[in-house]
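Undergrad: Residue numbers (the working numbering): 145 to 188.
Each residue gets a CB set at the ideal place from its N, CA and C atoms; glycine is no exception.
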Amino acid sequence: MCTEIPLLVTSPLPMLDSTLLARAAFDVAVGHLDPPTWRAGPLP
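#1: Going straight from the alpha carbon of residue 180 to that of residue 187, what length do you get?
#2: Whole angstroms is fine: what's the gap from residue 162's alpha carbon to residue 171's?
#3: Tell me where the alpha helix (DSSP H) around residue 184 begins and ends.
#4: In the DSSP assignment, find the alpha helix (DSSP H) that holds residue 171 and state where it starts and stops.
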């Protein structure tokens, strides 16, 4: 059973599906995908 309860809020931001995030993290961890690259500008 999923412990996350969707909140009904009006927001212009899209909802993030944690299942997709977890699947991508697993694929990177086992070597199926390359780690993401940093694209937000220079690191401090």
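TA: Reading it off the structure:
#1: 15 Å
#2: 14 Å
#3: Following the DSSP letters along the chain, one finds residue 184 in no alpha helix (DSSP H), marked with neither H nor E.
#4: 162 to 173
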